[in-house]
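Trainee: Pasting a structure here, questions to come.
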Amino acid sequence: MRPRAQALVVVSSSCQLYSGTGTALFDWMRYAAAELDFSLLVDTGLTRNFQVAARFCSETGVALYPSEGEPIPGCPDMRPSSIGRALQGRHWDVIECVSWASAATNMEVLANRPAGSRLVFTPHTQPMWTLAGNDRHFLVGPVLARMLAESDLVLLDTASEASHMPDGALDPARTLQVPLGVDTDRFSPARDVDGHDPPRLLAVADFREHRKRPDLLLRALELTLAARPDVLPVLAGRDSDRLELPPLLSARCERLGYVSAEELLRQYRSARALLLLSDFEAFGLPIAEALCCGTPVVMHDQMETVAAFGDLPGVHAVANTALDRVRDALLACAGAAPDRVRIAGAAADRFSLAATYGRKLDRVLALLDTA
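So my numbering is basically just the index in the sequence shown, starting at one, shifted up by 72.
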């Protein structure tokens, strides 16, 4: 048995490690740990995200390289200041960078990448307008282009992600399109959830972000409640417990705030539908998680999410501003118990860790075999 390859993941604390970005990264590291000896370098600039990373490392035994964070003009992210020392201080077989928007962090990795290492890049690319103050972040585009040119492997969440890349920047020989994975040992249907409680309609989002469209979410749920007063809207995610709600919704709504992974799983399993109306999602991991629990999804019909999920059972793709159609889709979900086994089976075939991160691991190991 060959020794595990040494892999350093470099991530900025500006990445939302408490949400889908962190879930995807940590699930990948757990899955590949038998073959790759991971270490994680992250700055302490944004405390909440750093603490999530530190807790993951403590629970899994992954070596943590904490660093002070530095803001860099023209970049939206905090840069770990010790990248150079960490990269040059020992041998790394693989260096992995996460996020197209981590311009300062990725630029420093490019400047200090040791000879002989393989560079893996998972950009989760989004349009520039999704960045707050995007007109100030003039280095994002040039650094993204360099990362795409110099990486040995680029991972795309969906095939349509390429449309947000500079023209001609992707080399098909160094690109792998693989969706984010779901731990289907955890995210699976529960028994006997559809015959007793009122139909639960779940909305999961960071309600501070305008692109998640909390205004449309609330209005769609209000219209649904007006048409069927016995449904139970459930809001989960950051600041969901601080929203000002119209009277009808306020009287008949559970607001959970930010919830644990265990509570989120329970909510997925008990909901008749997940509602996600973001203007843009690079992938939409909550959609995959809900489907693997056998829960139908009502989502905005944007290109990326339709490409990833549109052909699966249980998926209703509707323009997020067509609120009457969103309401009708929610009413249809509330009106009949879903075929959870069928929905979950199709989703698991596509999003299980073996079907996703297994493919990624095969490509990473192939890179090392040609080193």
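We put the beta carbon where it would ideally sit given N, CA and C, even for glycine.
Out of Met371, Cys365, Ala345, Tyr340, state which residue places its alpha-carbon closest to the alpha-carbon of Phe355.
Mentor: Translated into positions along the sequence shown, residue 355 becomes position 283. Selected option, being the one with the closest Cα: Met371.
Trainee: With burial defined as no fewer than 16 other Cβ atoms inside 10 Å of the residue's Cβ, what is the status of Gly382: buried or exposed?
Mentor: What you label residue 382 is simply residue 310 of the sequence shown in a count that begins at 1. Its Cβ having fewer than 16 others within 10 Å, Gly382 is exposed.
Trainee: Roughly how far, in whole angstroms, is the beta-carbon of Cys365 from the beta-carbon of Tyr330, given that I think they are within contact range, below 8 Å?
Mentor: Within the sequence shown, numbered from 1, the residue matching residue 365 stands at position 293. Within the sequence shown, numbered from 1, the residue matching residue 330 stands at position 258. In fact, because the Cβ distance is near 19 Å, the residues do not count as touching under 8 Å.
Trainee: By DSSP, does Arg285 sit in helix, in strand, or in coil?
Mentor: Here residue 285 refers to the residue found at position 213 when the sequence shown is read from its first residue. If DSSP states are grouped into helix, strand and coil, Arg285 belongs with coil.
Trainee: For Ala452, name the three-state secondary structure that DSSP assigns.
Mentor: A query on residue 452 cannot be resolved here, the shown segment of the chain reaching from 73 to 443 and no further.
Trainee: Can you give, in chain order, each stretch of the beta strand (DSSP E) that sits fully within the segment 201 to 267 and has at least 3 residues?
Mentor: Taking only runs of at least 3 residues, the beta strand (DSSP E) segments lying wholly in the segment 201 to 267 are 225 to 228, 247 to 249.
Trainee: Using DSSP with H/G/I as helix, E/B as strand and the rest coil, what is Gln78?
Mentor: Indexing the sequence shown from 1 puts residue 78 at position 6. Three-state DSSP puts Gln78 in a strand.
Trainee: Could you compute how far the alpha carbon of Arg310 sits from the alpha carbon of Ala275?
Mentor: For the purposes of this step, residue 310 is identified with residue 238 of the sequence shown, where counting begins at 1. For the purposes of this step, residue 275 is identified with residue 203 of the sequence shown, where counting begins at 1. Going by the C-alpha atoms only, they are around 12 Å apart.
Trainee: Using only the alpha-carbon positions, how far apart do Ala426 and Pro318 sit?
Mentor: By 1-based counting over the sequence shown, the position of residue 426 is 354. By 1-based counting over the sequence shown, the position of residue 318 is 246. Spanning the two alpha carbons is a distance of roughly 44 Å.
Trainee: Leaving aside the five residues before and after Ala106 along the sequence, list all residues of the same chain whose C-beta is less than 7 Å from its C-beta, in chain order.
Mentor: The count along the sequence shown starts at 1 and reaches residue 106 at position 34. Cβ within range, chain order: n/a, list empty.
Trainee: Flag this pair as yes or no: are the beta carbons of His196 and Trp172 separated by less than 8 Å?
Mentor: Along the sequence shown, one-based indexing puts residue 196 at 124. Along the sequence shown, one-based indexing puts residue 172 at 100. Yes, Cβ-Cβ distance for His196 and Trp172 is below 8 Å.
Trainee: Using only the alpha-carbon positions, how far apart do Arg327 and Asn184 sit?
Mentor: Your numbering for residue 327 matches position 255 in the sequence shown. Your numbering for residue 184 matches position 112 in the sequence shown. If you take the alpha carbons of Arg327 and Asn184, they lie about 46 Å apart.
Trainee: Who are the near neighbours of Ala401 in its chain, counting only those whose CB is closer than 7 Å to its CB and skipping five residues on each side?
Mentor: Here residue 401 refers to the residue found at position 329 of the sequence shown. Excluding residues within five positions, the ones whose Cβ falls inside 7 Å are Val370, His388, Val390.
Trainee: So, at 7 Å on beta carbons, what are the nonlocal neighbours of Ala217 in its own chain, with the 5 sequence-adjacent residues on each side left out?
Mentor: Position 145 of the sequence shown, counted from the first residue, corresponds to residue 217. Closer than 7 Å at Cβ, skipping near neighbours: Pro238, Ala241.
Trainee: Can you name the start and end residues of the alpha helix (DSSP H) that Leu328 belongs to?
Mentor: Mapped onto the sequence shown, residue 328 falls at position 256. Here Leu328 belongs to no alpha helix (DSSP H), and DSSP marks it neither H nor E.
Trainee: Taking the alpha carbon of Ala79 as the reference point, which residue from Asp434, Leu384, Leu112 has its own alpha carbon closest?
Mentor: As a first step, residue 79 is located in the sequence shown; it is residue number 7 there, counting from the start. Comparing Cα positions, the closest option is Leu112.
Trainee: Thinking Ala292 and Leu349 are a contact (beta carbons under 8 Å), I'd like their distance in whole angstroms, please.
Mentor: Position 220 of the sequence shown, counted from the start, is the residue given in the question as residue 292. Position 277 of the sequence shown, counted from the start, is the residue given in the question as residue 349. So it is a contact: roughly 7 Å between Cβ atoms.
Trainee: At what residue ranges does the segment 328 to 370 contain a whole run of the beta strand (DSSP E), taking only runs of 3 or more?
Mentor: Listed in chain order, the complete beta strand (DSSP E) runs (minimum 3 residues) inside the segment 328 to 370 are 345 to 348.
Trainee: For Val226 and Val170, what's the separation of their Cα atoms in angstroms?
Mentor: Looking up residue 226 in the sequence shown gives position 154. Looking up residue 170 in the sequence shown gives position 98. Approximately 10 Å, taken between the alpha carbons.
Trainee: Take the Cβ of Ser189 as the centre, count every other Cβ of all protein chains shown within 10 Å, and call the residue buried at 16 or more, exposed below.
Mentor: Position 117 of the sequence shown, counting from 1, holds the residue named residue 189. So Ser189 ends up on the buried side.
Trainee: Beta-carbon separation of Glu180 and Arg151 under 8 Å?
Mentor: Looking up residue 180 in the sequence shown gives position 108. Looking up residue 151 in the sequence shown gives position 79. Against a cut-off of 8 Å, the Cβ pair of Arg151 and Glu180 comes out as a contact.
Trainee: Just to confirm the assignment, what range does the beta strand (DSSP E) spanning Glu140 have?
Mentor: As a working note, residue 140 is residue 68 in the sequence shown. Careful: Glu140 lies outside any beta strand (DSSP E) and carries neither H nor E.
Trainee: Could you give the first and the last residue of the continuous beta strand (DSSP E) run that contains Pro195?
Mentor: Taking the first residue of the sequence shown as 1, we reach residue 195 at position 123. Counting along the chain, Pro195 falls outside any beta strand (DSSP E), and DSSP gives it neither H nor E.
Trainee: For Val436, does the three-state DSSP call read helix, strand or coil?
Mentor: Locating residue 436 in the sequence shown gives position 364, where the first residue counts as 1. Three-state result, Val436: helix.
Trainee: Do you know how far the Cα of Ala299 is from the Cα of Ala343?
Mentor: Against the sequence shown, residue 343 aligns to sequence position 271. Against the sequence shown, residue 299 aligns to sequence position 227. So the alpha carbons of these two residues sit roughly 18 Å apart.
Trainee: What residue range does the alpha helix (DSSP H) around Ala175 cover?
Mentor: Position 103 of the sequence shown, counted from the first residue, corresponds to residue 175. Segment 175 to 184, the alpha helix (DSSP H) holding Ala175.
Trainee: Residues in the same chain with beta-carbon distance under 8 Å from Thr116, minus the five sequence neighbours each way, listed in chain order, please.
Mentor: Counting from one through the sequence shown, the residue named residue 116 turns up at place 44. Here the set comprises Ser85, Phe122, Pro138, Ser139, Glu140, Gly141.
Trainee: Considering Arg151, what are the terminal residues of the beta strand (DSSP E) in which it resides?
Mentor: Position 79 of the sequence shown holds residue 151. Segment 150 to 152, the beta strand (DSSP E) holding Arg151.
Trainee: Can the beta-carbon of Leu97 be found closer than 8 Å to that of Val114?
Mentor: Within the sequence shown, numbered from 1, the residue matching residue 97 stands at position 25. Within the sequence shown, numbered from 1, the residue matching residue 114 stands at position 42. In this structure, Val114 does not lie closer than 8 Å to Leu97 by Cβ.
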